[in-house]
Amino acid sequence: MRTLFEAGASDLDEGAPARSLAHLAEQAAWCTPDSCGAAATVSTGEDTAEAPTAVTHPDLSALVSVQWESGEGPIPTALDSGRATGADDLLHERRWPEYRAEALQAGVRSSATLPYRRDGITLTITVYGFRPGLKVEKGCTATDVLGELAATGLARERRYRDALAEVDQLDTALRTRPVVDQACGILMYVLGCDPDTAFDTLRRLSQRTNRKLSDLAGALVRTRGHGLESELRCLGDRPRDPGRAAARNGAEPGRTPAPGLGHGR
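Going by the UniProt record's numbering, the residue at position 112 of the sequence shown is 112; the numbering climbs one at a time, nothing skipped.
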């Protein structure tokens, strides 16, 4: 679990909310009457042990960690149910024994967790109290409004990053399209196949050699297929066309052999 203690800490690594989780936790604690501290987490449904987490005091990090490790506690319950989850008095709480023991050891008697789901990401805010009876419900409270705004910002940030990644992918595709087309042309000649089969062969060779398709296409064009004929034919879905093979070997007069495929320039 990665934690931040100081308010105003720099943003977490790429994919985290634009607003600092540490600042969010500080604001949640400040907005909640009778709160002694707060924690904020961001979960994507993957390994929760690596979920970005911020707490207002180092002692509270253990309360979050024990929930990820045991799979029990107000945060996992809120994530599963999508509803606010709390414990009015942990001294008499029986649902989460490991969380209860850790909380009481830290002097925490009550807690409340609010979940906010947006676009596959769930933000949680948990507030803690030294006394029993701390309650924070979903609705028009300052803490809840803060969570709603933070979750919306988180979702917007993720969509923005996804859009940038898509633009980058499209730009790469446009820049590499000509060389991929040339590589497919070479494959069509060697294999005697159609364009779809040529591209599929190039894709499978990319996977087989663990190389980017654009890099492989560039190498294929530079070498004009030299050294790869046997492997390409093994990958081809269709047998070679005898007529094209004969033309490549110079059997049909008037047809020009493909440059570099068995012939010097």
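Backbone N, C-alpha and C fix where the C-beta goes; we use that ideal spot for every residue, glycine too.
As the structure is a computational prediction, the values presented were derived from the model and not from experiment.
- Setting aside the 5 residues that flank it on each side, residue 41 is surrounded in the same chain by 51, 53 and 124, each with a C-beta closer than 6 Å to its C-beta; the list follows chain order.
- The three-state secondary structure of residue 224, taken from DSSP, is coil.
- Every alpha helix (DSSP H) of 4 residues or more that sits fully in the UniProt domain "ANTAR" (160 to 221) is shown, in chain order, as 195 to 209.
- Contact between the segment 163 to 177 and the segment 134 to 145 is not established, with fewer than three Cβ pairs separated by less than 8 Å.
- For the set 102, 57, 33 and 88, the Cα lying nearest the Cα of residue 72 is the one of 102.
- Assignment of residue 95 by DSSP, reduced to helix, strand and coil, places it in the coil class.
- Look at the segment 50 to 104 and you find these whole runs of alpha helix (DSSP H), each 4 residues long or longer: 58 to 70 and 74 to 81.
- Between the alpha carbons of residue 132 and residue 145 lies a distance of about 24 Å.
- Between residue 39 and residue 64, the C-beta spacing is below 8 Å.
- Comparing C-alpha distances from residue 34 to each of 195, 143, 214 and 196 shows the shortest one belongs to 143.
- For residue 189, the closest alpha carbon among the candidates 224, 25 and 128 is that of 224.
- Following the DSSP letters along the chain, one finds residue 24 inside the alpha helix (DSSP H) bounded by residues 21 to 31.
- Within the same chain, 104, 109 and 132 come within 8 Å of residue 91 by CB-CB distance, once the 5 residues on both sides are set aside.
- Per DSSP, residue 108 is not a residue of any beta strand (DSSP E), being assigned neither H nor E.
- Secondary structure at residue 134: coil, using DSSP grouped into helix, strand and coil.
- Ranked by Cα distance from residue 111, the options 96, 89 and 119 are led by 89.
- Residue 139 sits in coil when the DSSP states are folded into three classes, being neither helix nor strand.
- Distances from the CA of residue 86 to each of 209, 221 and 129 were compared; the closest alpha carbon is that of 129.
- Within a 10 Å sphere around the beta-carbon of residue 222 sit fewer than 16 other beta-carbons, which makes this residue exposed.
- In the DSSP annotation of this structure, the continuous segment of the beta strand (DSSP E) that includes residue 43 starts and ends at 37 to 43.
- Around the beta carbon of residue 31, a 10 Å sphere encloses 16 or more other beta carbons of the protein chains shown; the residue is thus reported as buried.
- Residue 78 places its beta carbon 8 Å or farther from that of residue 55.
- Residue 21 holds the alpha-carbon nearest to the alpha-carbon of residue 43 among 181, 21 and 209.
- Its chain contains 213 as the residues whose beta carbon lies nearer than 8 Å to that of residue 203, once the 5 sequence neighbours on both sides are disregarded; these appear in chain order.
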